[in-house]
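A.B. asks: Got a structure for you, questions after.
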Amino acid sequence: MELTGKVIDVKERKGTKSDGVTEWVRYDVELNHETGKYPKNSIFSFSGEKFASVLSLKDTNVRIYFDVVSSWYNDNPQTRLTGYKYEKR
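Position in the sequence shown (first residue = 1) + 465 = my numbering.
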């Protein structure tokens, strides 16, 4: 799937996996993909250091390619938009 819009914000998240040794990094990109009277924003997660360049995308128009991933956590459904590629527009 893909969406095109303007990047509103980018946040970097870091942590350690449950093994207590392996570190992880995730970049959450907020994209405004519909403007007008009722604007719509979505947040896409990019995992790994290879996506560190997304930190410079704020206020940039991009097209994001992503997958929709759903799972259960503590008996609650959770859905994540997982980005795997982006292009500046």
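For glycine and all other residues, C-beta sits at the position ideal for the given N, C-alpha and C.
What would DSSP say about Lys515, mapped onto helix, strand or coil?
C.D. replies: The answer is helix: DSSP assigns Lys515 an H, G or I state.
A.B. asks: Figure out for me which residue from Ala517, Ser483, Tyr538, Ser512 has the closest Cα to the Cα of Leu546.
C.D. replies: Selected option, being the one with the closest Cα: Ser512.
A.B. asks: Got a sec? Which residues, its chain only, sit under 6 Å from Gly470 by beta carbon, not counting five neighbours each side?
C.D. replies: Taken in chain order, the residues that qualify are Leu496, Asn497, His498.
A.B. asks: What separation, rounded to the nearest whole angstrom, lies between the Cα atoms of Lys476 and Thr487?
C.D. replies: C-alpha separation (whole angstroms): 21 Å.
A.B. asks: Residues in the same chain with beta-carbon distance under 8 Å from Lys482, minus the five sequence neighbours each way, listed in chain order, please.
C.D. replies: Cβ within range, chain order: Glu488, Trp489.
A.B. asks: Spell out a yes or no on whether the stretch 506 to 526 and the stretch 535 to 544 are touching, meaning 3 or more CB-CB pairs, one atom from each, closer than 8 Å.
C.D. replies: Too few Cβ pairs lie closer than 8 Å, so no.
A.B. asks: Return yes when the Cβ of Val533 is within less than 7 Å of the Cβ of Trp494, no when it is not.
C.D. replies: Before going on, a small fix: residue 494 reads as Val here, not Trp. Taking 7 Å as the Cβ cut-off, Val494 and Val533 do not qualify as a contacting pair.
A.B. asks: Just how far apart, CA to CA, sit Pro504 and Ala517?
C.D. replies: Pro504 and Ala517: Cα-Cα distance of roughly 27 Å.
A.B. asks: Is the distance from the Cβ of Met466 to the Cβ of Phe531 below 7 Å?
C.D. replies: In this structure, Phe531 lies closer than 7 Å to Met466 by Cβ.
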